[in-house]
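What follows is one structure encoded as structure tokens, with my remarks underneath.
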């Protein structure tokens, strides 16, 4: 079970985590610099097929995104990792081995993140599965990490739905300032390759731009 859109009450329970980006009012209403900005994020890469596909789609729309990378995958795919950075995107730490914070002792969890940090130079962190303990989060914030969650899940990891449903999840729920989650992974690729182009086309047509999380 998962929630496509993060409810306000959950954001209020964990106010120290980043669920969406702040908006600056412009001539056309909420958005950034008078426009509308969305923040696409991609978890679990780099992957030898899915990540190059994502980069190709982003280039078509002059879109920038944030990639939350697993340390072991960066080690296995260093050229793709460098390509992400060279094309103007941002990276974040997603642990070395995709650990579930709720099931991992605090010391081991922090050590795993620091192991990934040897390969991923970023102060952004996203907990795998969105699961992190309150004390783990405090330790990371004390270490100057910004913990990035999300407002909208595409659901591309869900083998029970198709690409069209994933795209509809985003199109229905995303708005200016939304942090949206896709996955550049083996598990999600069948749905990602159909959903991502549709989402980019839809929101580009509505005047949105896509930027990195800062």
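In our numbering, the protein residues as written are 111 to 324.
All C-beta atoms in this analysis are idealised placements derived from N, C-alpha and C, irrespective of residue type, glycine included.
Simplified DSSP state of residue i, which is helix, strand or coil
i: residue 161; result: helix
i: residue 267; result: coil
i: residue 127; result: coil
i: residue 316; result: coil
i: residue 194; result: helix
i: residue 262; result: strand
i: residue 297; result: coil
i: residue 135; result: Residue confidence for residue 135 is low, a pLDDT of 45 falling below 50, so the modelled location carries little weight and cannot support an answer.
i: residue 311; result: helix
i: residue 170; result: helix
i: residue 256; result: strand
Short Cβ contact (8 Å threshold) for residue i with residue j
i: residue 294; j: residue 155; result: yes
i: residue 114; j: residue 262; result: yes
i: residue 195; j: residue 175; result: no
i: residue 247; j: residue 257; result: yes
i: residue 129; j: residue 116; result: yes
i: residue 200; j: residue 322; result: yes
i: residue 94; j: residue 157; result: This structure gives no information on residue 94, because the portion of the chain shown stretches from 111 to 324.
i: residue 209; j: residue 222; result: yes
i: residue 266; j: residue 241; result: no
i: residue 305; j: residue 264; result: yes
i: residue 278; j: residue 126; result: no
Beta strand (DSSP E) segment containing residue i, residue limits
i: residue 151; result: 146 to 153
i: residue 203; result: 200 to 203
Cβ-based neighbour list, residue i, same chain, cut-off 7 Å, excluding 5 preceding and 5 following
i: residue 182; result: 206 and 207
i: residue 163; result: 303
i: residue 124; result: none
Limits of the alpha helix (DSSP H) - the one that residue i falls within
i: residue 181; result: 181 to 186
i: residue 293; result: From DSSP, residue 293 is part of no alpha helix (DSSP H) but of the beta strand (DSSP E) over 289 to 293.
i: residue 251; result: 244 to 252
i: residue 281; result: 273 to 283
i: residue 220; result: 216 to 227
Same chain, Cβ closer than 6 Å to residue i, neighbours up to 5 away in sequence not counted
i: residue 237; result: 211
i: residue 131; result: 149 and 287
i: residue 299; result: 160
i: residue 239; result: 210
i: residue 190; result: 156 and 161
Own chain partners of residue i with C-beta closer than 8 Å, once the 5 adjacent residues on each side are dropped
i: residue 187; result: 155, 156, 157, 158 and 161
Legend entry - the stretch 273 to 285 / the stretch 235 to 251 touching (three or more Cβ pairs under 8 Å): no
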